[in-house]
Amino acid sequence: MFMDELVLQSREIEGSLSETETYHILYAGAFGVMRAKSIRSAEADCLEITVTNSDGNESRILAPIEQASFLFSVSSLKSDETREKIILGFARQNVDEA
């Protein structure tokens, strides 16, 4: 299954990172290339992808699996940056407390 493979690859990359590195999953589709924050199965052959565009705005995209491409990107953490959790599957997202 597609999501299982995505999770396995994500774990493998995460396990190989040094303390000064982070990774992102980039989504490429009909709306361009954007950073994925959450990827879930929506239907048998569709994904629900929450993305952040270059302006920092979030969008939710419903895309057929065959029309979505993903790229893992590893980079060095900036001094003020922390690792961002990427949600794959049905994990619950943390809600910031006010």
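The opening position of the sequence shown corresponds to residue 367 in the numbering used here, with each subsequent residue numbered one higher.
By construction, the Cβ of each residue, glycine as well, lies at the ideal position given by its N, Cα and C atoms.
Just so it is clear, the structure is predicted and the values come from calculations on it, not from any experiment.
- Straight-line spacing of the CA atoms in Ala408 and Gln433 works out to 14 Å.
- Rounded to whole angstroms, the Cβ separation of Ile415 and Ala402 is 6 Å, and the two are in contact under 8 Å.
- With respect to the 8 Å criterion, Leu383 and Val440 are classified as neighbours on the basis of their beta carbons.
- In the three-state DSSP reduction, Ile452 falls in the coil class, being neither helix nor strand.
- Residue environment analysis places Met367 among the exposed positions, since fewer than 16 neighbouring C-beta atoms fall within 10 angstroms of its C-beta.
- Using a 10 angstroms sphere on the CB of Val399, the tally of other CB atoms stays under 16, which defines it as exposed.
- Separation of Leu443 and Glu385 (C-alpha to C-alpha, rounded to the nearest whole angstrom) is 9 Å.
- DSSP, read as helix, strand or coil, puts Phe368 in helix.
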